[in-house]
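First up is the structure itself, then whatever we jot down about it.
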Amino acid sequence: MNAMAQMIASATDTEDLAIAMRGVTKIFGDAPAEALALLQSGKSKADVQAETNHVVGLDDVSLDIAKGQIFVVMGLSGSGKSTLIRHVNRLIEPTAGEIVVNGSDVLKMSLDQLRTYRRTQVAMVFQKFGLLPHRSVINNVAYGLEVRGVPKAERLKEAAKWIEIVGLSGYEQSRPRQLSGGQQQRVGLARALALDTEIILMDEAFSALDPLIRSGMQDQLIELQKSLGKTILFITHDFDEALKIGNRIAVLKDGAVQQVGAPEDIVLRPANEHIEEFVREVNKARAIHVRSIMERGEHERCEASVSKDARCEDVLPLFAEHQWVGVLDDTGRQIGRVTAKQIIKALARYTPGIN
Amino acid sequence: MPECAEERVPASRAISEMRDDVFPELIDTKPLRRAIDDGLNWVVRNWGDGFESAAYPLLMLLKAIEDLLIATPWWLIMAILVGIAWLATRSWKLPAIVFASLFFLGIMELWKDAMTTMALMISATITAIVVSIPVGVWMSRSLNVRGIITPVLDLMQTLPSFVYLIPTVMIFGPGKIPALIATIVYAAPPLVRLTDLGLRSVDPAVMEASRAFGTNPRQRLFGVQIPLALPTILAGINQTTMMALAMVVIASMIGAGVLGYQVLQGIGRLEVSRGLFAGLGIVALAIVFDRITQSFGKQLQGRIGLAEAR
Numbered sequence: 055m056n057a058m059a060q061m062i063a064s065a066t067d068t069e070d071l072a073i074a075m076r077g078v079t080k081i082f083g084d085a086p087a088e089a090l091a092l093l094q095s096g097k098s099k100a101d102v103q104a105e106t107n108h109v110v111g112l113d114d115v116s117l118d119i120a121k122g123q124i125f126v127v128m129g130l131s132g133s134g135k136s137t138l139i140r141h142v143n144r145l146i147e148p149t150a151g152e153i154v155v156n157g158s159d160v161l162k163m164s165l166d167q168l169r170t171y172r173r174t175q176v177a178m179v180f181q182k183f184g185l186l187p188h189r190s191v192i193n194n195v196a197y198g199l200e201v202r203g204v205p206k207a208e209r210l211k212e213a214a215k216w217i218e219i220v221g222l223s224g225y226e227q228s229r230p231r232q233l234s235g236g237q238q239q240r241v242g243l244a245r246a247l248a249l250d251t252e253i254i255l256m257d258e259a260f261s262a263l264d265p266l267i268r269s270g271m272q273d274q275l276i277e278l279q280k281s282l283g284k285t286i287l288f289i290t291h292d293f294d295e296a297l298k299i300g301n302r303i304a305v306l307k308d309g310a311v312q313q314v315g316a317p318e319d320i321v322l323r324p325a326n327e328h329i330e331e332f333v334r335e336v337n338k339a340r341a342i343h344v345r346s347i348m349e350r351g352e353h354e355r356c357e358a359s360v361s362k363d364a365r366c367e368d369v370l371p372l373f374a375e376h377q378w379v380g381v382l383d384d385t386g387r388q389i390g391r392v393t394a395k396q397i398i399k400a401l402a403r404y405t406p407g408i409n
Numbered sequence: 022m023p024e025c026a027e028e029r030v031p032a033s034r035a036i037s038e039m040r041d042d043v044f045p046e047l048i049d050t051k052p053l054r055r056a057i058d059d060g061l062n063w064v065v066r067n068w069g070d071g072f073e074s075a076a077y078p079l080l081m082l083l084k085a086i087e088d089l090l091i092a093t094p095w096w097l098i099m100a101i102l103v104g105i106a107w108l109a110t111r112s113w114k115l116p117a118i119v120f121a122s123l124f125f126l127g128i129m130e131l132w133k134d135a136m137t138t139m140a141l142m143i144s145a146t147i148t149a150i151v152v153s154i155p156v157g158v159w160m161s162r163s164l165n166v167r168g169i170i171t172p173v174l175d176l177m178q179t180l181p182s183f184v185y186l187i188p189t190v191m192i193f194g195p196g197k198i199p200a201l202i203a204t205i206v207y208a209a210p211p212l213v214r215l216t217d218l219g220l221r222s223v224d225p226a227v228m229e230a231s232r233a234f235g236t237n238p239r240q241r242l243f244g245v246q247i248p249l250a251l252p253t254i255l256a257g258i259n260q261t262t263m264m265a266l267a268m269v270v271i272a273s274m275i276g277a278g279v280l281g282y283q284v285l286q287g288i289g290r291l292e293v294s295r296g297l298f299a300g301l302g303i304v305a306l307a308i309v310f311d312r313i314t315q316s317f318g319k320q321l322q323g324r325i326g327l328a329e330a331r
């Protein structure tokens, strides 16, 4: 029902979206038609698997991803998130549904058109890096451009530029195996960025990295997205990561979308028990922006204030000295204020019916 | 075939005379055998010349390599092989082994035979590479093709070589061509298998990444699969050279000359020393080529990054 409503609401403006998925269903197996019929008749993923021995990868997934967003798809392993991202550049063919990227229907493309589309419109970063071990770092970064047919001098210049941006200067001639995991993923990121595509797909790109390096890479990604304005579809199993980098988050379970919304929506109003479980584990003080819980409007100017991008954890120390903390917009105008009470209420454990 | 009908034993009688330890003669195989023999004779009579001219390029290749190896002075060949050994390992050990092996061949008066043997082996290997790698690539792309070619390879490797030596000698006459063909038939299968294996075992994550960047199959084959499978393919070439050397005694029986002929003569004249030294000569050649190709394989693996960094 939810999917249907979304479909009607946004069918008109697919043109403005970077990626639009409509009722995408994927069933793995030799004879998916039968399993698809069962699934559409309302059987669950487990029932379909028991009856037909076919695995449901995605179940009627509809997503709208606007241009310039970091859109995070979050789910546990086996939830179908890696399957989902591979539909966008059609590394996996859906059993049913429609995928429109920048206004063109990906599923109607011929093999030749599909290759051109992959060369020019979507770049991808992989969990296992997927670097070519027999090529140097600079030739790995230039790989996408080489496939596209860019002349050698030009692609090496472009590659050198991106290597510098991701902070790997000096490693141009190294082989991937000589680099650490974090450095290798920077190569993977530079390789995708060098293509200068509007859309970047990141499949658990930071999951193989250790926490400190991961945090650094997340910051770098947010910075890059701000300066380049790309649309990034980011897959992760880590809710904290999703909250940190996502403009919008979709939660996936058993191949079906459970909830789509801004990070605060999901933390403050989890749609079901499954999502609530995630929310319980998460550091809410980091997840929730002050602006989403503040008292809006004109108030007398507070002594202490924070920017509108501040999160709850940033304001907590200020309450030691002050009753109210002001929230300022980019120009420095105060757009609202919060008290410690409001913050505590937002951070308190979610209980249905109280919020 | 009237005389054939007389010889045929009626099936009922065959069964009544059947003893416990004899397999029952359910059909008469004589016509089948005769058809094969007659068929081969017909092929030799009508297509013999065609086959011979088809195999002519092979003979030219073998001749060219042989002439070149024999015309080159011994010290130059020694220097080249020792040099290659040094390039492959960058240490003194392998060049010393190569030098000792070649020195042995020279001092035992086996140099010329060794060069002829090398020529046979090299031309068989080159032909095997030209044929096997494309077949291996084809196999790696289709399960059906694999299903058909694998039993053919099994057959090529297990069928005793004399079985196909008889028809090849009948078609081409005794000499170098049947020897070369028999060597190729025996030596090509491991290269086909290892090419197929190498291409299929390229890391799927790397292949997927390559696909995601919009590569076509040709770009993936030459840009990703073959470079990454090269160490395995090189192991196949190593196997091919070794199996080609293993065939030289048999090849010499049908007139290929070479070191194997000395072994045969040794047997014929009960001259143990002649057979022994020629046999050791084959071993010496095997050592030289085995170690050199293996070292190149290791070097390549290190460069590609499949082996751990030292």
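From first to last, the protein sequence lines are chains A and B. All you need for the numbering used here is the position in the first sequence, starting with 1, plus 54. All you need for the numbering used here is the position in the second sequence, starting with 1, plus 21. Cβ coordinates follow ideal geometry from the N, Cα and C atoms, glycine included. Here the structure is a predicted model, which is why all the values come from computation and not from measurement.
**Prompt:** By DSSP, does W113 of chain B sit in helix, in strand, or in coil?
**Reply:** Of the three classes helix, strand and coil, the one that applies to W113 of chain B here is coil, per DSSP.
**Message:** Let me confirm a value: I48 of chain B is counted as buried when at least 16 other C-beta atoms fall within 10 Å, else exposed. Which label applies?
**Reply:** Exposed: under 16 other Cβ atoms inside 10 Å.
**Message:** Cutting at 7 angstroms between CB atoms, please list the residues of its own chain near L498 of chain A, excluding the five before and the five after it.
**Reply:** There is no way to answer for residue 498 of chain A, as the model of chain A reaches only from 55 to 409.
**Message:** Just checking: is the beta-carbon of T251 of chain A within a distance shorter than 8 angstroms of some beta-carbon in chain B?
**Reply:** So, not an interface residue.
**Request:** Use the C-beta contact count for G300 of chain A: other C-beta atoms within 10 angstroms, 16 or more gives buried, fewer gives exposed.
**Result:** The residue is buried, with at least 16 neighbouring Cβ atoms inside 10 Å.
**Boundaries of the beta strand (DSSP E) in which A120 of chain A is found, first to last residue** = Taken as a continuous stretch (DSSP letters only), the beta strand (DSSP E) holding A120 of chain A covers V109 to A120.
**Length of the line joining the Cα atoms of A339 of chain A and V381 of chain A** = Cα-Cα distance, rounded: 16 angstroms.
**Request:** Determine the DSSP secondary structure at V43 of chain B, reduced to helix, strand or coil.
**Result:** Assigned with DSSP and collapsed to three states, V43 of chain B falls in coil, not helix or strand.
**Rounded separation between M256 of chain A and L306 of chain B - CA only** = Each residue's Cα considered, the two are about 54 angstroms apart.
**Prompt:** I325 of chain B versus chain A: which residues are under 8 angstroms apart at the beta carbon?
**Reply:** Those are P187 and H188, listed as they occur along chain A.
**Asked** Does the beta-carbon of P23 of chain B have 16 or more other beta-carbons within 10 angstroms, so that it is buried, or is it exposed?
**Response** Unreliable placement is indicated for P23 of chain B, whose pLDDT of 47 sits below 50; the coordinate value is still reported in the next sentence. Counting other Cβ atoms within 10 Å of its Cβ, P23 of chain B stays below 16 and is therefore classed as exposed.
**Request:** Quick one: residues in its chain with C-beta nearer than 7 angstroms to the C-beta of H108 of chain A, no 5 flanking neighbours on either side, listed in chain order?
**Result:** Same-chain partners within the cutoff: I81, F82, G83, P86, A89 and V102.
**Asked** Cα separation between R355 of chain A and S361 of chain A?
**Response** Distance between the alpha carbons of R355 of chain A and S361 of chain A: 14 angstroms.
**Message:** Buried or exposed for Y207 of chain B, going by 16 or more other Cβ atoms inside 10 Å?
**Reply:** Note on Y207 of chain B: 16 or more other CB atoms within 10 angstroms of its CB, so buried under the neighbour-count rule.
**Request:** Give the secondary structure of E354 of chain A by DSSP, where H, G and I count as helix, E and B as strand, and everything else as coil.
**Result:** E354 of chain A: coil per DSSP, three-state reduction.
**Message:** If contacts are defined as beta-carbon pairs under 8 angstroms, then M348 of chain A and R387 of chain A qualify, I think. What distance do you get, rounded to the angstrom?
**Reply:** Between M348 of chain A and R387 of chain A, the beta carbon gap of about 14 angstroms keeps them out of contact (Cβ cut-off 8 angstroms).
**C-alpha distance - P205 of chain A paired with L247 of chain A, whole-angstrom precision** = One Cα belongs to P205 of chain A, the other to L247 of chain A, and the distance between them is close to 18 angstroms.
**Prompt:** In chain A, which residues lie with their C-beta within 7 angstroms of the C-beta of Q240 of chain B?
**Reply:** The contacting residues are V201.
**Asked** Taking the runs of the alpha helix (DSSP H) that are 4 residues or longer, which of them lie wholly in the region 267-298 of chain B?
**Response** With a minimum length of 4 residues, the continuous alpha helix (DSSP H) runs that stay inside the region 267-298 of chain B are 269-274 and 279-289.
**Prompt:** Considering only residues of the same chain and omitting the five flanking positions on each side of D134 of chain B, which have a CB-CB separation below 8 angstroms?
**Reply:** In chain order, G278, V279, L280, Y282, Q283, A299 and G302 place their CB closer than 8 angstroms to the CB of D134 of chain B, counting only its own chain and leaving out the 5 sequence neighbours on each side.
**Request:** Compute the distance between the beta-carbons of I254 of chain A and I286 of chain A, then report whether it is under 8 angstroms.
**Result:** Yes, the pair counts as a contact, with Cβ atoms nearer than the cut-off.
**Asked** Residues in its own chain within less than 6 angstroms of Q246 of chain B by CB, not counting five upstream and five downstream?
**Response** Cβ neighbours of Q246 of chain B beyond the five flanking positions: L220 and V223.
**Asked** For A226 of chain B, which of B:L249, B:T204, B:Q315 and B:E46 has the nearest alpha-carbon?
**Response** Looking at the Cα atoms, B:L249 is the closest of the given residues.
**Message:** Any C-beta of chain B within less than 9 angstroms: which residues of the region 228-244 of chain A qualify?
**Reply:** Under the 9 angstroms Cβ criterion, the region 228-244 of chain A contributes R229, P230, R231, Q232 and G242.
**Request:** Name, going along the chain, the residues of the region 285-302 of chain A whose beta-carbon falls closer than 8 angstroms to a beta-carbon of chain B.
**Result:** When C-beta distances to chain B are compared with 8 angstroms, every residue of the region 285-302 of chain A stays at or above that value.
**Message:** By the DSSP assignment, the alpha helix (DSSP H) with M177 of chain B in it spans what residues?
**Reply:** It spans L164 to T179 - the alpha helix (DSSP H) in which M177 of chain B sits, taken as one unbroken run.
**Prompt:** Quick one: which chain B residues come within Cβ less than 8 angstroms of L145 of chain A?
**Reply:** Within 8 angstroms Cβ-Cβ: E229, R232 and A233.
**Message:** Looking at V78 of chain A: is its Cβ nearer than 8 angstroms to the Cβ of L112 of chain A?
**Reply:** Contact annotation: V78 of chain A and L112 of chain A have beta-carbon atoms nearer than 8 angstroms.
**Request:** Could you check which residue in B:A233, B:P45, B:A256 and B:P199 has the C-alpha nearest to that of L141 of chain B?
**Result:** Closest option to L141 of chain B, Cα to Cα, is B:P199.
**Request:** Report the three-state DSSP secondary structure of M58 of chain A (helix, strand or coil).
**Result:** Residue placement at M58 of chain A cannot be trusted, given a pLDDT of 49 that sits under 50; what the coordinates show is reported in the next sentence. Of the three classes helix, strand and coil, the one that applies to M58 of chain A here is helix, per DSSP.
**Request:** List the residues of chain B whose Cβ lies closer than 7 angstroms to the Cβ of R169 of chain A, in chain order.
**Result:** Below the 7 angstroms Cβ cutoff, chain B contributes G235 and N237 as neighbours of R169 of chain A, in chain order.
**Asked** Between I202 of chain B and R232 of chain B, what straight-line distance do the alpha-carbon atoms span, to the nearest angstrom?
**Response** Between I202 of chain B and R232 of chain B, the C-alpha separation is close to 40 angstroms.
**Item:** Status (buried if at least 16 other CB within 10 Å, exposed otherwise) for Q181 of chain A
**Value:** By the neighbour-count rule (16 or more Cβ atoms within 10 Å), Q181 of chain A is buried.
**Request:** For A400 of chain A, collect the residues of the same chain with a Cβ closer than 6 angstroms to its Cβ; drop the 5 residues on either side in sequence, then sort them by chain order.
**Result:** Counting only residues of its own chain and dropping the five nearest sequence neighbours on each side, A400 of chain A has a CB closer than 6 angstroms to the CB of I342 and I347.
**Item:** Expected contact under 8 angstroms - CB spacing of V176 of chain A and G242 of chain A to nearest Å
**Value:** In this structure V176 of chain A does not touch G242 of chain A by the C-beta definition: roughly 15 angstroms separates them, more than the 8 angstroms allowed.
**Message:** Following a CB-centred definition, is I192 of chain B positioned closer than 7 angstroms to any heavy atom of the ligand HEM?
**Reply:** Within the structure as shown, the ligand HEM is missing, as the structure has no ligands at all.
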